[in-house]
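Engineer: Quick one: structure below, then a few questions.
Numbering (my numbering), first residue to last: 43 to 430.
Next up, the structure:
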């Protein structure tokens, strides 16, 4: 049994040990706290490292997304560019096809005009033929063109000089010369000589400073040789028939008219321009028509004269000139002239079938020279213009 003294002495005896114990406990607690702090710090560090890692992963993911997005946007832009390029090429090809088709339509129709000019030469005076042709054309086009032409009257007045030049070359002069040629030459000759017009068109288009080049010059010389051989009938002494001279003048007029079309102000419009040139050309022919009536008298309207006049007035004038003008606007005079080379072939076939004109070997040789020359002359540099 412990006495009070023993209980008093016990703490004193245990004092140092207690202090050591308490100190040990404190050290243990401090160590525990330090370890806990280190553990907490490690945990926090681990969490921080995880956060950093997560952030880096997120940034990497965002960067990867940005790269993929940029690639996707670039691919989309490339696809749109390809589509735009394809659309542009399709439009060019479509315009080229339409232009060539319209030029072919006009060429085939005009081939019949040479046959009618030859057929009417003995019954209808050339100037009267031209006047009635264009008067019929004005009448045929008027219902479709009057309102549009009236709305553009200010534009027509502004470009009146251009309209006068186009009317004189393409309406009054060209057709009258060809009709006059039909009196003393054959329809086949008219068609073959007129085939030289495309070379003139190509030359006029390059008068702005571009060089013709060796190929174009060679083609022109070959075509001219074919024309000279045709009109001279192979003789070294040049004895031109009056009709051949007239049709050469017609070829010059038509080539000049076609080149002039390339510079047509777009605000004139297609149909108003066509109608205005028809009206002005008919008015230009009116004085000559009056003189012809006085000197030669009129002609008797019969089915044999009225039917060809209706053809040249409606089909060869209204339809063919609209198609040709549109073709020039789409593909240019030089390229449309390539199709015009088919005219001698069409004229030769029609004149053989309808008029009984023969096809001799010299004429066939002349046709080959003319066609070869004009094709060679007008296709020089064509690939460059197409690519541009």
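For each residue, glycine too, the CB sits at the ideal point set by N, CA and C.
Determine the closest residue to residue 221 out of 290, 298, 255, with distance taken between C-alpha atoms.
Structural biologist: Against the chain shown, residue 221 aligns to sequence position 179. Closest option to residue 221, Cα to Cα, is 290.
Engineer: Please work out which residues of its chain come closer than 6 Å, Cβ to Cβ, to residue 174, disregarding the five sequence neighbours upstream and downstream, and give them in chain order.
Structural biologist: To locate residue 174, count along the chain shown from 1; it is residue 132. Excluding positions up to five away in sequence, the list reads 351.
Engineer: Are the stretch 327-336 and the stretch 155-165 touching by the rule of at least three beta carbon pairs closer than 8 Å?
Structural biologist: At 8 Å Cβ cutoff, the stretches do not touch.
Engineer: Given that a residue counts as buried once 16 or more other Cβ atoms are within 10 Å of its Cβ, and exposed if not, what is residue 338?
Structural biologist: Locating residue 338 in the chain shown gives position 296, where the first residue counts as 1. So residue 338 counts as exposed.
Engineer: Between which two residues does the alpha helix (DSSP H) harbouring residue 357 extend?
Structural biologist: Here residue 357 corresponds to residue number 315 of the chain shown, with the count starting at 1. Here residue 357 belongs to no alpha helix (DSSP H), and DSSP marks it neither H nor E.
Engineer: Three-state secondary structure (DSSP) at residue 341?
Structural biologist: By 1-based counting over the chain shown, the position of residue 341 is 299. In this structure, residue 341 counts as coil in the three-state DSSP scheme.
Engineer: Please report the distance separating the alpha-carbon of residue 227 from that of residue 392.
Structural biologist: Sequence index remark: in the chain shown, residue 227 carries index 185 (1-based). Sequence index remark: in the chain shown, residue 392 carries index 350 (1-based). Their Cα atoms are separated by approximately 15 Å.
Engineer: Work out the CA separation of residue 374 and residue 381 for me, nearest whole Å.
Structural biologist: Counted from its first residue, the chain shown places residue 381 at position 339. Counted from its first residue, the chain shown places residue 374 at position 332. In a straight line, the C-alpha of residue 381 is about 12 Å away from that of residue 374.
Engineer: Using the C-alpha atoms, what's the distance from residue 218 back to residue 141?
Structural biologist: By 1-based counting over the chain shown, the position of residue 141 is 99. By 1-based counting over the chain shown, the position of residue 218 is 176. Between residue 141 and residue 218, the C-alpha separation is close to 27 Å.
Engineer: Please report the straight-line C-alpha distance between residue 335 and residue 405, rounded to a whole angstrom.
Structural biologist: Start at 1 with the first residue of the chain shown, and residue 335 comes out as number 293. Start at 1 with the first residue of the chain shown, and residue 405 comes out as number 363. Answer to the nearest angstrom: the Cα atoms are 36 Å apart.
Engineer: Given a cut-off of 8 Å, decide if residue 166 and residue 397 are closer than it, judged by their beta-carbon atoms.
Structural biologist: Locating residue 397 in the chain shown gives position 355, counting from the first residue. Locating residue 166 in the chain shown gives position 124, counting from the first residue. Cβ distance not < 8 Å, so residue 397 and residue 166 don't count as in contact.
Engineer: State the Cα-Cα distance for the pair residue 410 and residue 200, rounded to the nearest angstrom.
Structural biologist: By one-based count along the chain shown, residue 410 stands at place 368. By one-based count along the chain shown, residue 200 stands at place 158. C-alpha separation (whole angstroms): 45 Å.
Engineer: Among the residues of its own chain, which have a CB less than 7 Å from the CB of residue 91, if the five just before and after it don't count?
Structural biologist: To locate residue 91, count along the chain shown from 1; it is residue 49. In this prediction, residue 91 scores a pLDDT of 46, lower than 50, which makes its location untrustworthy; no coordinate-derived value is stated.
Engineer: Relative to the C-alpha of residue 191, which residue among 260, 313, 148 is closest?
Structural biologist: Within the chain shown, the letter at position 149 stands for residue 191. With distances taken between Cα atoms, residue 191 lies closest to 313.
Engineer: By the 10 Å Cβ neighbour count, where 16 or more other Cβ atoms means buried, how is residue 399 classified, buried or exposed?
Structural biologist: The residue you call residue 399 lines up with position 357 of the chain shown. So residue 399 ends up on the buried side.
Engineer: Give me the residue from 147, 360, 245, 370 with the minimum Cα distance to residue 321.
Structural biologist: In the chain shown, residue 321 corresponds to position 279, counting from 1. Of the candidates 147, 360, 245, 370, the one whose C-alpha sits nearest the C-alpha of residue 321 is 360.
Engineer: Any C-beta of chain D sitting closer than 8 Å to the C-beta of residue 350?
Structural biologist: Among the chains in the structure shown there is no chain D, since it carries only a single protein chain.
Engineer: Among 298, 209, 211, 224, whose alpha-carbon lies nearest the alpha-carbon of residue 155?
Structural biologist: On the chain shown, residue 155 is found 113 positions in, with the first residue counted as 1. Here the closest residue by C-alpha is 224.
Engineer: Using DSSP with H/G/I as helix, E/B as strand and the rest coil, what is residue 171?
Structural biologist: As a working note, residue 171 is residue 129 in the chain shown. Residue state, collapsed to three classes: helix.
Engineer: Tell me whether residue 402 is buried or exposed, calling it buried when 16 or more other Cβ atoms sit within 10 Å of its Cβ.
Structural biologist: Counting from one through the chain shown, the residue named residue 402 turns up at place 360. Exposed is the call here.
Engineer: Using only the alpha-carbon positions, how far apart do residue 259 and residue 188 sit?
Structural biologist: The residue labelled residue 259 in the question sits at position 217 within the chain shown. The residue labelled residue 188 in the question sits at position 146 within the chain shown. Cα-Cα distance, rounded: 44 Å.
Engineer: Looking only at its chain, what residues have a beta carbon closer than 6 Å to the beta carbon of residue 209, apart from the 5 residues adjacent to it on each side?
Structural biologist: Here residue 209 corresponds to residue number 167 of the chain shown, with the count starting at 1. Hits under 6 Å: 319, 322, 323.
Engineer: Quick one, which of 150, 183, 205, 179 has its alpha-carbon nearest residue 307's?
Structural biologist: Sequence index remark: in the chain shown, residue 307 carries index 265 (1-based). Here the closest residue by C-alpha is 205.
Engineer: Alpha carbon to alpha carbon, how far is residue 341 from residue 169? Give it in angstroms, no decimals.
Structural biologist: To locate residue 169, count along the chain shown from 1; it is residue 127. To locate residue 341, count along the chain shown from 1; it is residue 299. Going from the Cα of residue 169 to the Cα of residue 341 covers about 12 Å.
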